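For the sequence shown, UniProt numbering assigns the number 1 to the initial residue and increments by one for each residue that follows.
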Amino acid sequence: AAGIPFETLWGDIDYMDEREDFTSPDRYPRDEVRALVDSLHENNQQYIAILDPGIHPARRVIQYDRGTEKDVFLKNAGGSPHLGRQWASQVVWPD
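Structure below.
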């Protein structure tokens with residue numbers, strides 16, 4: 001071994017489907033990811049998932065409806081959800 005310390009594993013868009021957080025269960029099954037993270041922690045290592053928390057209103061309907069119900073999204077001055085762009089789609093962001 002080269003003696004290079006390995007302290008942190010970063011997860012980026014690889015674990016996403018269409019660049020939406022936590023959406024690729026086929027490639028990253030929850031149980032397997034949990035086992036990986038547990039193994040890292042047992043070795044005093046960390047896992048950091050890079051998050052892009054925008055919720056696409058049309059593609060992530062359950063998450064959008066739940067967030068709207070709980071009133072968690074950023075709003076415009078008039079009280080409507082603030083729509084913006086993240087990657088290549090229109091999204092709302094939690095506050």
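From the three backbone atoms N, C-alpha and C, an ideal C-beta is built for every residue, glycine too.
No experiment lies behind these values; they were computed from the predicted model shown.
By Cβ distance below 6 angstroms, which residues in the same chain neighbour residue i in space, the five residues on each side in sequence not counted?
i: L51; result: D21
i: N44; result: none
i: Y64; result: I55, P57
Below 8 angstroms CB to CB, which residues in the same chain sit around residue i once its five sequence neighbours on both sides are set aside?
i: P53; result: D21, W93, P94
Please classify residue i as buried or exposed, where buried requires at least 16 neighbouring CB atoms within 10 angstroms.
i: I48; result: exposed
i: I55; result: buried
For residue i and residue j, what's the separation of their Cα atoms in angstroms?
i: S80; j: G67; result: 13 angstroms
i: N76; j: Q90; result: 15 angstroms
i: F73; j: H82; result: 8 angstroms
Report all residues from its chain with a CB closer than 7 angstroms to the CB of residue i; omit the five preceding and five following residues, and keep chain order.
i: L40; result: L9, Q46, Y47
i: Q86; result: D52, G54
Any chance the segment 54-61 sits against the segment 3-20, with 3 or more Cβ pairs inside 8 angstroms?
yes
For the segment 4-13 against the segment 35-46, are there 3 or more C-beta pairs whose distance is under 8 angstroms?
yes
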